[in-house]
Amino acid sequence: MTETEADTCRRHVVPALQVAGWDTAPHSIAEQRTITDGRIVPVGRGFVRKPPKRVDFLLRYRRDFPLAVVEAKASYRRAADAVQQARQYAEMLGLKFAYATNGPEIIEIDYFTGAETPRTSYPTPAELWARYRAGAGLASDQAAERLLTPFNHTVGKGERYYQQAAINCIVEAILKGQRRMLVTMATGTGKTTVAFQVCWKLWNSRWNRDGAHRRPKILYLADRNILVDQPKDGIFAAFGDARCKIESGEVVMGREIYFAIYQALAEDASREGLFRAYPKDFFDLIIVDECHRGSARDDSAWRVILEHFAPAFQLGMTATPLRDDNRDTYRYFGNPIYEYSLRQGIEDGFLAPYRVHRVVTEWDAAGWRPSRGDLDRYGRAIPDEEYRTQDFERVVALRARTQAIAKHLSGFLRKTDRYAKTIVFCVDQEHAAEMRQALVALNQDMVAQHPDYVCRVTADEGEVGRAHLGRFQDVDTRTPTILTTSQLLTTGVDAPTCKNVVL
């Protein structure tokens with residue numbers, strides 16, 4: 343009877359890994375480890391998933407620090423037949439070692455040296471860890487132990503493979519002394535989770551810049567309250583009283599995990615920046631969320647804050663790959679030390695693929711010229727010029743266009759699902775208000791049942807807007823169903839049931 347791949351694993355691979363000591367705590371063997379969800383394929387109004395990717399064996403030196411993958415083929419095939427798959431999984435997981443086998447034959451792939459070497463047995467955990475440390479340049483025993491500090495497993499649903507890889511990559515870079523780092527991860531792939539676990543490992547292992555026996559002081563910096571309040575009150579709640587938010591001009595120095603928006607720290611013509619109240623070496627690590635949004639520009643007022651705290655290690659996180667309008671980000675933080683793209687997220691099934699429903703109004707297609715006597719929303723005469731898409735709601739507000747877009751969207755939802763959660767991105771807060779009014783007028787039957795069916799969420803709404811957003815994000819609520827916004831949500835928001843994005 344021909345031996346199957348499962349037979350190879352059971353009769354040859356598992357016993358050989360046990361002989362090497364991989365099943366002895368704190369080491370472990372994760373067998374048939376599923377690492378992706380499987381790409382989502384739309385079918386009609388539903389979807390199916392492609393099969394997920396599954397690693398035959400994941401060799402973990404510690405629970406949160408894998409060192410190698412093992413890919414097996416049936417004994418009647420060559421070990422070389424498993425090499426490409428072993429390489430694919432090792433590269434996805436950010437590992438430096440991989441093994442391809444058919445049972446009797448073993449091929450080792452070493453990413454430090456580039457060698458593919460036949461072996462008669464698997465290395466022990468101690469041997470492979472020593473080789474990893476040598477290849478990675480982790481000479482210090484203290485740094486090596488800090489790298490192995492476990493994640494916090496009391497929050498979230500467990501880290502996805504790329505999140506684990508990103509966390510360990512960042513911590514390793516910090517332990518090796520890299521002062522500026524950039525991580526690029528697509529919106530919705532869990533940058534906040536990565537930032538939290540990085541902080542948790544460093545905080546629990548008492549890492550800091552000067553090597554003193556103390557916990558680090560870490561600043562989580564962004565440009566909008568929602569980007570700091572959500573993590574502070576969410577996943578970072580695990581830090582308890584170690585957290586605080588810098589605001590209202592108050593200088594707080596007795597905590598360890600700080601949250602702030604640039605505007606609370608920055609200086610302007612009427613005041614000296616609050617950041618100057620803190621010593622230059624106060625923070626050990628600064629995490630800059632959505633760092634492409636101006637913090638790294640040479641002429642940015644926010645750049646002064648990062649330069650003031652130059653002694654700190656600085657980690658920039660963004661969802662935006664390199665392009666002409668964010669080159670300053672890459673110049674300041676350097677090339678990404680870890681990347682996870684939108685394309686990869688869709689391929690893995692962690693992000694949903696999208697269908698583009700393109701609609702062109704007659705005003706956008708042909709342009710628009712005002713008639714004599716036409717007035718703007720403020721009652722002023724509109725200059726006699728031809729206006730195009732880039733001018734609408736910026737140079738001139740065209741209510742008929744807003745009405746037409748609202749009518750089309752309402753019709754689309756009637757044909758598909760009137761409870762499909764939808765975010766409408768408008769040009770500014772006033773445009774968002776007008777769009778909300780137009781949508782309310784066109785959906786009065788729904789508004790009669792649900793007064794919050796359509797809501798505006800912009801900076802002007804304050805706590806009321808945040809409450810609307812919180813209910814929109816709740817997977818158990820149906821309303822608010824439609825949110826109109828301008829800039830507040832452009833950096834992404836955790837809304838897993840959102841089905842439509844209107845630009």
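Those letters in the sequence shown? Residues 343 to 845, by our numbering. Quick reminder that beta carbons are idealized off the backbone N, C-alpha and C, glycines included.
Identify whether A638 lies in helix, strand or coil by the three-state DSSP scheme.
-> What you label residue 638 is simply residue 296 of the sequence shown in a count that begins at 1. Only weak support exists for where A638 lies, its pLDDT of 49 falling under 50; the value from the coordinates is given anyway. Coil, per DSSP.
Which listed residue (A606, L627, A515) has its alpha carbon closest to that of A619 = In the sequence shown, residue 619 corresponds to position 277, counting from 1. When only C-alpha atoms are compared, the closest one is A606.
Same chain, Cβ closer than 6 Å to A638, five either side skipped, listed in chain order | Start at 1 with the first residue of the sequence shown, and residue 638 comes out as number 296. For A638, the predicted structure reports a pLDDT of 49, less than 50, and the residue's modelled location is therefore unreliable. The matter cannot be settled from this model.
Among all the DSSP beta bridges, which residues are the ones paired with S370?
-> Your numbering for residue 370 matches position 28 in the sequence shown. R402, per the DSSP bridge assignment.
To the nearest whole angstrom, what separates the beta carbons of A849 and I382, a pair I think is in contact under 8 Å?
-> There is no way to answer for residue 849, as the model of the chain reaches only from 343 to 845.
Name, in chain order, the residues that DSSP records as bridge partners for P460.
-> Here residue 460 is taken as the residue at index 118 of the sequence shown, counted from 1. The partner list for P460 (beta bridge, DSSP) reads I449.
With 16 other Cβ atoms within 10 Å as the buried cut-off, status of F399 | Walking along the sequence shown from the start, residue 399 turns up at place 57. Answer is buried; the Cβ neighbour count reaches 16.
Is it true that the CB of A485 sits closer than 8 Å to the CB of G436?
-> Against the sequence shown, residue 436 aligns to sequence position 94. Against the sequence shown, residue 485 aligns to sequence position 143. Going by C-beta atoms, G436 is not nearer than 8 Å to A485.
Work out the CA separation of R743 and V796 for me, nearest whole Å.
-> Here residue 796 is taken as the residue at index 454 of the sequence shown, counted from 1. Here residue 743 is taken as the residue at index 401 of the sequence shown, counted from 1. Rounded to whole angstroms, V796 to R743 spans 19 Å at the Cα level.
Length at least 4, wholly inside the region 718-801: the alpha helix (DSSP H) runs in chain order = 741-757, 771-784, 786-791
Could you tell me the boundaries of the beta strand (DSSP E) in which M659 lies?
-> Position 317 of the sequence shown, counting from 1, holds the residue named residue 659. 655-660 is the span of the beta strand (DSSP E), which, as asked, contains M659.
Helix or strand or just coil, what does DSSP make of C840?
-> Walking along the sequence shown from the start, residue 840 turns up at place 498. Looking at C840 - three-state DSSP - the assignment turns out to be strand.
Taking only heavy atoms of the ligand ADP into account, decide whether any of them is closer than 7 Å to the Cβ of P663.
-> With respect to the ligand ADP, the structure shown offers nothing to examine, as it has no ligands at all.
Helix, strand or coil: which one does DSSP assign to T378?
-> On the sequence shown, position 36 is the one that residue 378 refers to. It is coil, neither helix nor strand.
With T821 and D794 assumed to form a contact (beta carbons below 8 Å), what rounded beta-carbon distance in angstroms separates them?
-> Your numbering for residue 821 matches position 479 in the sequence shown. Your numbering for residue 794 matches position 452 in the sequence shown. With a Cβ gap of about 5 Å, T821 and D794 count as contacting.
Figure out for me which residue from V630, G500, G380, P368 has the closest Cα to the Cα of Q686.
-> As a working note, residue 686 is residue 344 in the sequence shown. With distances taken between Cα atoms, Q686 lies closest to G380.
Nearest neighbour of R402, chosen from P558, T466, F538, G456 [CA to CA] | Here residue 402 corresponds to residue number 60 of the sequence shown, with the count starting at 1. Closest by alpha carbon: T466.
Identify, in the order they occur along the chain, each residue of the same chain with its Cβ nearer than 6 Å to the Cβ of H354, setting aside the five sequence neighbours on each side.
-> Walking along the sequence shown from the start, residue 354 turns up at place 12. Excluding residues within five positions, the ones whose Cβ falls inside 6 Å are G445.
Endpoints, the alpha helix (DSSP H) within which T671 is located = Here residue 671 refers to the residue found at position 329 of the sequence shown. Where T671 is concerned, the enclosing alpha helix (DSSP H) stretches over 669-675.
Say whether the region 542-551 touches the region 491-498, bearing in mind that this needs 3 or more beta-carbon pairs closer than 8 Å, one atom from each stretch.
-> yes
What first and last residue would you give for the beta strand (DSSP E) that runs through D626?
-> For the purposes of this step, residue 626 is taken as residue 284 along the sequence shown, with counting starting at 1. It is not in any beta strand (DSSP E) - D626 carries neither H nor E in the DSSP assignment.
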